[in-house]
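Undergrad: All the letters of the sequence shown, read from the start, carry residue numbers 1 to 191 under full-length UniProt numbering.
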Amino acid sequence: DFQGKCLLFTEGMWQNENMTMGKQRFIVEEWGPESSCRFITFVGIVSLILSDVQAWRTFFSLCKGHDDSLFHAFLNLLLCLLVVFVVFVAGTISSVGFSAWCDSVTENGVMPSSCEDLQDTDLELGVDSNSFYDQFTIAQFGLWSAWLCWLGLTVLAFLKVYHNHRQQELLDSLVQEKELLLAAFRRLSKV
1 DFQGKCLLFT EGMWQNENMT MGKQRFIVEE WGPESSCRFI TFVGIVSLIL
51 SDVQAWRTFF SLCKGHDDSL FHAFLNLLLC LLVVFVVFVA GTISSVGFSA
101 WCDSVTENGV MPSSCEDLQD TDLELGVDSN SFYDQFTIAQ FGLWSAWLCW
151 LGLTVLAFLK VYHNHRQQEL LDSLVQEKEL LLAAFRRLSK V
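1) Under 8 Å between the Cβ atoms of glycine 97 and phenylalanine 42?
2) Do valine 83 and leucine 48 count as a contact pair if the criterion is CB distance below 8 Å?
3) Since glutamine 24 is in the alpha helix (DSSP H), which residue starts that stretch and which ends it?
4) Alpha carbon to alpha carbon, what distance is there between glutamine 24 and asparagine 16?
5) Which whole runs of the alpha helix (DSSP H) in the stretch 91–160 are 4 residues long or more, in chain order?
6) For serine 131, collect the residues of the same chain with a Cβ closer than 6 Å to its Cβ; drop the 5 residues on either side in sequence, then sort them by chain order.
7) In chain order, what residues of the same chain have a beta carbon less than 7 Å from the beta carbon of cysteine 6, not counting five sequence neighbours either side?
8) By how many angstroms is the C-alpha of serine 69 removed from the C-alpha of tyrosine 162?
9) Between the C-alpha atoms of phenylalanine 2 and aspartate 134, what's the straight-line distance to the nearest angstrom?
10) Report all residues from its chain with a CB closer than 8 Å to the CB of tryptophan 14; omit the five preceding and five following residues, and keep chain order.
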């Protein structure tokens, strides 16, 4: 629990607290923008809700044998493209922001401990920084997994639009062939 503070993009440095004992303490110079953490949380929740709606629509379509029109398939493709983009941005913010935090807390690799090792160290920040590495690794995994799933859904939505477009062309050509055959039949019946 970071008490409303965002770990992403947080900057700080290690300072010697006691010169004789050589004890160091991590000092936060500037906490990361809260908007980063809020955006990632918002995207995760909205992505979950939209994936539930998408699953329900697909299940309903399969059970009822209902097929989307070309327009609805195109709207679905646009929605998928938007979600893929937003989840990609959230995943990038999460990865880059957490990397910036790890660079800060390990002083760009100068510290003998890795970012993962430091999660078990009390950084004395006035917040519970226990297991921060595990929590953000899980969050990144979740975001990038969601991005891959939505990317797959986007490909399927594109294929659906392509299939519907081809079907529409086929239906239009069948209607045109029917009209030509009926016109030819009418000419023959007049003779």
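C-beta: ideal position from N, C-alpha, C; glycine also.
Given the structure is predicted, the values throughout are model-derived calculations rather than measurements.
TA: According to the structure shown:
1) Within the sequence shown, numbered from 1, the residue matching residue 97 stands at position 97. Within the sequence shown, numbered from 1, the residue matching residue 42 stands at position 42. Result no, Cβ atoms of glycine 97 and phenylalanine 42 do not sit closer than 8 Å.
2) Locating residue 48 in the sequence shown gives position 48, where the first residue counts as 1. Locating residue 83 in the sequence shown gives position 83, where the first residue counts as 1. No, they are not a contact pair.
3) Counted from its first residue, the sequence shown places residue 24 at position 24. Segment 23–32 is the beta strand (DSSP E) holding glutamine 24; no alpha helix (DSSP H) there.
4) Your numbering for residue 16 matches position 16 in the sequence shown. Your numbering for residue 24 matches position 24 in the sequence shown. Answer to the nearest angstrom: the Cα atoms are 4 Å apart.
5) Taking only runs of at least 4 residues, the alpha helix (DSSP H) segments lying wholly in the stretch 91–160 are 115–118.
6) On the sequence shown, residue 131 is found 131 positions in, with the first residue counted as 1. Spatial neighbours of serine 131 in its own chain (CB-CB distance under 6 Å, excluding positions within 5 residues in sequence) are listed in chain order as Gln119.
7) Taking the sequence shown and counting its residues from 1, the one referred to as residue 6 is at position 6. Once the five neighbours on either side are set aside, the close Cβ partners of cysteine 6 are Trp31, Gly32, Pro33, Glu34, Ser36 and Cys37.
8) The residue given as residue 162 occupies position 162 in the sequence shown. The residue given as residue 69 occupies position 69 in the sequence shown. Computed Cα separation, rounded: 12 Å.
9) Position 2 of the sequence shown, counting from 1, holds the residue named residue 2. Position 134 of the sequence shown, counting from 1, holds the residue named residue 134. Cα to Cα, phenylalanine 2 sits roughly 15 Å from aspartate 134.
10) Numbered from its first residue, the sequence shown carries residue 14 at position 14. Contacts found: Gln24, Arg25, Phe26, Ile27, Glu107 and Met111.
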